[in-house]
Each structure stands twice: as C-alpha cells, then as structure tokens.
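Note sheet for the following structure.
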Amino acid sequence: MDIDTLYALRSSSGLPSHPAVFLVLLVLTWALHMIAVHVMLGSTALALTGAFSSNANWRRLAGPMLDTAKVAVSLAIVIGVAPLLFVQVIYDPFWYVSNVLSARWAIAFIVILLTAYWAMYHHYFVGKEGGSATSRWSLAVSLALLLVAGFIMHALTSQALRPELWMAWYAPEGHLETAGSGIHEFNLGRYLFFIVLAAPVTGAWLLGCRRYLDRREPRDAPYLDWIAALGNRLMTAGGFAALICYAGWMAALPESAAGFPVSFWSIAANASILLLIVIPALFRSASGGYGPFVTAAGVILVLATVREALRHRILFGTHGYELSTYAVNLDWYSNALFCLTFAGVGGFAIAYSVAIAWEAGKTPGIYTASPRVNRLGGFALAALIVWVAQYFFFGFLVITR
Amino acid sequence: MDNSMEILGLYPTWYQPALGSGWVLGIIAVVHVLASHTSVGAALVSTWLATVAVRRNRPELLEYVRRYGVFLLVFSYVLGSITGPGIWFSATVASPRGLSALIHSYVWWWATEWVFFFIEVIGIYLLVYLAGKVDGRSYLKIAWIFGLASWATMLIIVGILSFMMWPGQERWFTEGGTLNGFFGLYTFAQILSRTCFMLMAAALAGGLIAAYLRDGAFRLEMTRKLAWVGILGAVLGAVFFQWGLTTLPESAQLLMKTRLPGSFVPAMWAILAAIVVYFAALLVRPGALNVPLAAGMMVGLLIFGIWPEERARESMRKPYVAGQFVYSNQIIARDVPALGVKSELPALEARGMLALHPFIPQHLRRIGEGNELEAGHALAIVYCSNCHGLGTTGTRPFGEMFAGNRDAADIERFIKGALVTGNMVNMPRIPLRDDEAHALAQFIASLPLWHSITR
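Top line first, the protein sequences correspond to chains C and Z. Take the first sequence: its letter number 250 is residue 250 in UniProt numbering, and every next letter is one higher. Take the second sequence: its letter number 15 is residue 15 in UniProt numbering, and every next letter is one higher.
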C-alpha cells in the first residue's frame, strides 16, 4: 500500500484532539492492560501448578492465586478496552485492515476469551480447595485459551505493520480472498516475549503479596518466606527468559524495521529487562515489598514505549506515515468531559474503592471506615451526582436551543 | 476532482456466506444488550435493596444483594465485558467505516464511558466481597457509587447509539460538535425506555436468585418486590418506547411500516404482555417461581424481545449505518461540512468503484471480455455483500432475488433503474458506471456458474 492509500484509509471525520494526546493515552493504557494481563497469566499458571501439586505451600497458594486471576481477567478486559479504543482512533487504517483480513480470528477471539473466563469460574466454583480432577483441567483449558487469545491479538498487531503485504493476503494471485480465515503474520519471539514477561511481573506481585500478608494475623512465617523466594525466582528466571525472547523477536523483525535492534529504544528495552532480573538483589526483597511491583510496572511502561517506537520506525521510517498530519476537528466539550470525568469522578471513585478494599482486607472482622476514607467516598458520590446533573443540563440545553 | 478522491478510503471486505457479517455482529450485539441491560438494571435494583438492607438492618437482604452480585459477576459482567469489545471487533470486520465514523466523533465519550465501566467493575467486586465486612454507611456508599456509575455507562452509550441512528440535531451536519449529534428527543426517549427495560431484565434475573432462597417468607417477599419492579419496568418501558418512535424522522417511520415484517409489532406487544402476565402471576402466586421458569423467561426476552427490537433499529436507519452519512456498504454518501467530510458518490459515478477502491486487484481495474464475471463479483463484494448473500445462503441472498429471473439484461435494467438512481428507499444508491452495471448483472445472472467455477 502506498502512502496516499494509507492516508485515504484514515477516517474522514478527523480527530477531536491532537493525535499526540491519543498516542500518549494509548501507550499508558496499553501498559496498564499488559500489567493486568501479566498478573492474570502468572496467577493462573501458579493456581494451575498448585492445583496439580502435592506440595502444601503450592496447594495453599493456589486459592489466592485463583482469586487474583479471576479479578485480573476482569481488569485486563476492562483496561484493555481503552487501548483498543485509542488504537482505532489513530491507527485505524492499519488496525481495521488487519482485522478484516483475519476476521474469523477477530470474532473467534471473543468466543475464546469467553470460554476461558467461564472455564476459570468453573474451577473456582467446583474446585477452589485444590480442585477436583475435572475442574483442574478446566483451569488448564482456561490458561491455554487465554494464550490463544493473546496470540490472536499478537497476530492482528503484527499484520497491521505489514501494509506492503496486505494486497497479497487479500488477493493472492489477483483473486479476492474474502473469507478472513487466515493468520498471515506472526513473530514467535515477540509473542513469547510478552507472555514470558508474566513471570517477572507476577514474581513482583508475589513480593507485594508477601508484604501485605505480613501484616495479617495469623502470620505464617515459613509460608510467607516461601512466597518471597518464589517471587524472587520468578523475577530472575523470568527476566532471563524475557531477554532471550526479546533477542528472538529482534532477530526476526521484518526488513521494514531494519536498524531498530541497535537503536536507543532497543537498548532501553534491554536495560529495562535487565532491571527486572536484578530487582530481587536491588530491593533485598527476601521479606517482600511493594517496590519491586512498582518497578516492574515502570519496566512495562518502558517496553510499551519501545513497542510504540518500533511501530513508528516501521510506519513512519519505512512507509512515511506521519501520525501528526491526522486532521483535527477539535471538540471542546468532549475533551473536557473526559478529562474532568477521569480526574474528578474516576480519581475519587477509584481511590475510594482501593482504599476501602485495602483497609477492609487488612482488618479482621468488620472494618469501619476512617473519616478520611469516608470523605473520599463522599467526594466520589458527589462527583457522580454532579456528572449526571451536567449530562442532563447540557442535554436540555442542546434540545431547547 | 480533488486529490483525496484519487483513491477512496475503502477497506477490504469480509464476506461471511452462511450468516452474513451483519448477523454475526447482530448476534454478538444482542447477547451484549441482554447482559448489559441486566447488569445496569441489576445495579440499580441492588443499590435500592442495599439501601433498604442497611437502613432497616436486614442481613438477609444484604446476603441477597451479595448473591445477586455473584450471579452478575459470572453471568452479566463476563458476558457483557467481553461482548462489549466484541461488538467493536465484529463491527470492525463487518462495517469498519461505520464503526470508524462513530469512534472518531465519540472517542472521548467512549473513553468517559470506560471510566464509569472501570468504576462499575470494581464496584461489583466490592459489593460482593465487602458485604458484611464494612460498616453500613460505607457499604451504602459503595452501592450508590456502583449504581450511579453503572447507569452513567448507559447514559453515554444511548447517546452514541442515537447518533448512530440519527444525529440528534440537524445542525450537527453544518456546525458539528458532539453534543449536537448526541442529544435529541430520541436520546431522552431511549434513556427512559432502556432504563425501564433494564429494570425489567434485572427483575427477571433477580428471580433466578430468589428461586434459590430457602427462607420461605423472605423468598415470597423478594419475588413480590421483583414482580412489581418487573411490571413497572415493562409497562413504563413500553410507553416510553412508543414515545421514542414518535420522535423518529418520517423516513424511519416509513421504513418501519414498509420494511419490517407484519408480525413485528404484534410480536413485540406479545412478549411484553407475556412478561407482564408472568410478573402478575408471581404477585398472585409467588410460590410458583422456580429456576427453569425464571431462566426460560430470560431466554424468551433475548429471543423474542431483544433480537427483533435490535433488528428493527437496524432496519430503521437504512440505507445508512452511521450518522446518516455512511451507507451500509461503507460508502460515504453525504457531505458533513462541519467535519470536512465529502460524499464519495460523485467520484464513484465519474470514475467507478473498480478504479477507486484501493483493494481491487490491478487486472480488475478495467472491465474487459476476460474479466467480466470476476469484476462483477468484486463489485458485488464491495457494493452488496454487507447486506446480501452472494448465493443461496446468508441474509437476503441473491439466489432469492429477482423472482428467480436469471436474465442478465433484465437484471441490468433493474440495477440501472432502481439502484443506480437510488430509488429503493431502504437501499444505498449504487452509482455504477454502465460497464460496471453490466458486469454486476452478468455476475448475478451467472451465479450458479460462478459458484461451480470457484468451489
């Protein structure tokens, strides 16, 4: 596809803000999504290991990891909506073509994800305490399907970066192929890299859990130490595995990304993966802590930026596609609506939710909210009421004008 | 002609012969509507019940809210949260430019909905896992934040759906502004009717939980409470739905009268009446409630209520798929000066689809003797396959069109007389050049031959 066609494929409606705003949000929300995905994959794998293990610590860990996985799937899906929205907004030519060319897989993604989620719930309800033989397998099926869903997303992203091959995929030998049944492009190193990162991120998560559980009674020191050791091992070994996969990804990059493996961005990626490996030593985290998880989250954010830099290298560097030339039809109201809702309503409501869940989790018996937490809840509720009021205010204003 | 019309921004087509890509999207959308309506309605009902439970110190009611929440988590939230993006995925592959038109105007509204969705999902977890573990005042706050956030997701999506059908204000085309596209009388009618129908769906789903209650007196109380919610939801929802229909433009009303099957209106009234009778029967004999009955009513609502209603909404906006400027076959058919959007019909009329579509193979750009059938097939894929099966299967298949007439000249006359001129009220104008109309007619007339060659 030549550059004129790529530009023609952009929405003629333009954007309601400058594309850079969406780009930043895309990177940020994709990083958050991936953190949830990594915790989801890691905790599911740990719950599965526990379900099949005879080791007491592993079996004990399986329960909370299943609880974690269940919530992480929800969060991964919910947070994933945002990058899915933003990628359509600024990379619509690439994302839409790629999806149409593998339409059956895009639809299958929904069914696969649904089945994976319900399979996980099946294990949760039927076999939470270690699991019946069948429910353990349903958890295995769940993990396998989550990996397949991840592969589909990986393939759709990879295909989006090969506009030079689209026509050959859509009309092989000049004849239209409209079934959308093929997976046309993937990079195993890249796919494994983003999957393997689940190990260090979940390792960091375990170190955080170790610290959180440390404050709860009854305290079981040997079990907590075992959790910390497992977390440290996952971080180090997972980090090394990620380094190898990253090398595999870079080695298999297409011609259109030539030079990227030795670019500043790639060096930054390697450095951040190395950071994952040394986190256990850096934080001396035998007793756990929240620092490793915060650092791991920072590493994922760096990798999300590197991923974006690679996209830029291919689309701009090779194809000449300039994001900044996307037409803008500024819409002040909706810009303000999102910013204020995100900061005001979202900020208060999420802060209140996290605060009360955190405190209630640490308190034996019934937790009575502190005045500070109560105030936070009051602000959240008030912000919501104001939001609904402004909605109807502007609505009536528009229809009565 | 300006430079932007040298090539049009049309995407490849996904053709699904068995169902049609539109139906794939429709099935996912209908499942999503059931799940999302149930969850928003249930969020409102849960907020009300949690308030009563805390104020009157009724732990059994709190336990009901918790169990209802678990059901919602496993059913509505899993199904709703996956089929929601599922609609995006299926719209991406079935109607990329239709979705793109919505996304690019309403991205910030959708992002705002995402904030509420986030709060809602965390809220349902808190409602379930903190029941009985936090003080009453805090639990009430959690319930109200959850309920309002859930309703706010509906407030936003209803406006976007209304725009998809018809921009709220005609001035949107010239002045732009998402508010002008978002708000119209139809938006408010939708808010009212959907809120009521959501409560009705929540009452049906709540019956599933009530049927499991062991405490007889409490079970009867809950069944009656839900029955009242269900009756009010169904009756008021029907009233507001009727009002909503009167707010639609004349052309939509005409399409409703002429294009929907005669059974549509009676069927809608029948399902509503059945639901009201069901709830009324539960008021009289609450003990009759059981799981198969409640589950059966949910399935009935899905198949006989939501499916035809959503189909009707699809039909009423024809031939457009988004904002009355993007045709169902993805072509931009109207200027939107406010956004700088130009109709593509003049360019297509002048130069033809085969010359302007970026995903047409090079050897089909000019029609000649050797490629007529294949060019006709390409035109059918681009212009027709969003709404028609190119054989005997799928939606409105070509095999069943033209009353079985396979005479190419007759078909070409029909194409030129009805479609090129845009004389079919529910179909897009198809601005074919003469050679394109001829090729398309040849393809349609030769369908059995084409399928035997390409099988």
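Here a beta-carbon is modelled for each residue, glycine too, at the ideal position from N, C-alpha and C.
Min CB distance residue i to chain C below 9 angstroms
| i | result |
| --- | --- |
| Z:Gln16 | yes |
| Z:Ser315 | no |
| Z:Ile157 | no |
| Z:Thr112 | yes |
| Z:Trp450 | no |
| Z:Asn57 | no |
| Z:Asn180 | yes |
| Z:Ser90 | yes |
| Z:Ile209 | no |
| Z:Lys416 | no |
| Z:Leu432 | no |
| Z:Tyr129 | yes |
| Z:Val45 | no |
Exposure of residue i, with buried meaning 16 or more beta-carbon neighbours within 10 Å
| i | result |
| --- | --- |
| C:Lys362 | exposed |
| C:Asp92 | buried |
| Z:His388 | buried |
| C:Phe193 | buried |
| Z:Gln16 | buried |
| C:Ala221 | exposed |
| Z:Glu175 | exposed |
| Z:Ser452 | exposed |
| Z:Asn371 | buried |
| Z:Lys257 | exposed |
| C:Ala242 | buried |
| C:Leu384 | buried |
| Z:Asn3 | Because the pLDDT of Z:Asn3 is 41, which lies under 50, any placement of that residue in the model is unreliable, and the question is left without a value. |
| C:Val87 | buried |
| Z:Leu130 | buried |
| Z:Ala91 | buried |
| C:Phe125 | exposed |
9 angstroms Cβ cutoff, residue i in contact with chain Z
| i | result |
| --- | --- |
| C:Asp220 | no |
| C:Met65 | no |
| C:Thr341 | yes |
| C:Thr325 | no |
| C:Trp205 | no |
| C:Tyr8 | Checking the sequence shown, residue 8 of chain C turns out to be Ala, not Tyr. So yes, C:Ala8 belongs to the interface. |
| C:Ala171 | yes |
| C:Pro280 | no |
| C:Gln88 | yes |
CA nearest to the CA of residue i, picked from the options
| i | options | result |
| --- | --- | --- |
| Z:Pro266 | Z:Leu226, Z:Ala238 and Z:Ser138 | Z:Ala238 |
| C:Tyr352 | C:Ala228, C:Arg375 and C:Ala336 | C:Arg375 |
| residue 406 of chain C | C:Tyr290, C:His319, C:Gln88 and C:Ser102 | Because chain C spans 1 through 401 in this model, residue 406 of chain C falls outside it and cannot be assessed. |
| C:Asp331 | Z:Arg67, Z:Gly417, Z:Ile331 and Z:Leu179 | Z:Leu179 |
| Z:Leu161 | Z:Arg137, Z:Trp110, Z:Ala294 and Z:Ile124 | Z:Trp110 |
| Z:Ala94 | Z:Ala338, Z:Ala445, Z:Phe398 and Z:Gln330 | Z:Gln330 |
| C:Asn57 | C:Ile277, C:Leu6 and C:Ile227 | C:Ile227 |
| C:Pro163 | C:Ile314, C:Arg284 and C:Ala380 | C:Ile314 |
| C:Phe186 | C:Leu114, C:Gly346 and C:Gly248 | C:Gly248 |
| C:Arg210 | C:Ser53, C:Leu143, C:Phe293 and C:Ser158 | C:Phe293 |
Through-space distance from residue j to residue i, alpha-carbon basis
| i | j | result |
| --- | --- | --- |
| Z:Met1 | C:Asp4 | Residue confidence for Z:Met1 is low, a pLDDT of 37 falling below 50, so the modelled location carries little weight; the figure read from the coordinates is stated next. Taking the straight line joining both Cα atoms gives about 16 angstroms. |
| C:Ser263 | C:Gly189 | 18 angstroms |
| C:Pro371 | C:Asp225 | 35 angstroms |
| Z:Val326 | C:Gly182 | 28 angstroms |
| Z:Gly177 | Z:Thr393 | 42 angstroms |
| C:Ala140 | C:Val71 | 17 angstroms |
| Z:Arg66 | C:Ser74 | 18 angstroms |
| C:Ala257 | C:Gly320 | 13 angstroms |
| Z:Val434 | Z:Ile275 | It should be pointed out that residue 434 of chain Z corresponds to Asp in this sequence rather than to Val. Straight-line Cα distance between these residues: approximately 54 angstroms. |
| Z:Ile332 | C:Tyr326 | 19 angstroms |
| Z:Val425 | C:Ala106 | 33 angstroms |
| C:Ala355 | C:Val373 | 7 angstroms |
| Z:Ile415 | Z:Ala437 | 7 angstroms |
| C:Gly395 | Z:Val121 | 27 angstroms |
Original post:
With contact counted as at least three CB pairs below 8 angstroms, one residue from each stretch, are the stretch 75–84 of chain C and the stretch 58–66 of chain C in contact?
Top reply: no
Subject >> Proximal residues, the stretch 27–42 of chain C versus chain A, C-beta separation under 8 angstroms >> reply: This model lacks chain A altogether; the protein chains it does include are C and Z.
Original post:
For the 8 angstroms Cβ check, are there 3 or more pairs between the stretch 382–401 of chain C and the stretch 148–164 of chain Z?
Top reply: Result yes; three or more Cβ-Cβ pairs closer than 8 angstroms.
Original post:
Looking at C-beta atoms only, is the number of pairs between the stretch 368–385 of chain Z and the stretch 138–154 of chain Z that lie closer than 8 angstroms three or more?
Top reply: Contact annotation: the stretch 368–385 of chain Z does not touch the stretch 138–154 of chain Z, with fewer than three C-beta pairs closer than 8 angstroms.
Subject >> Stretch pair the stretch 10–25 of chain C + the stretch 264–280 of chain C: three plus CB contacts closer than 8 angstroms >> reply: No, they do not touch.
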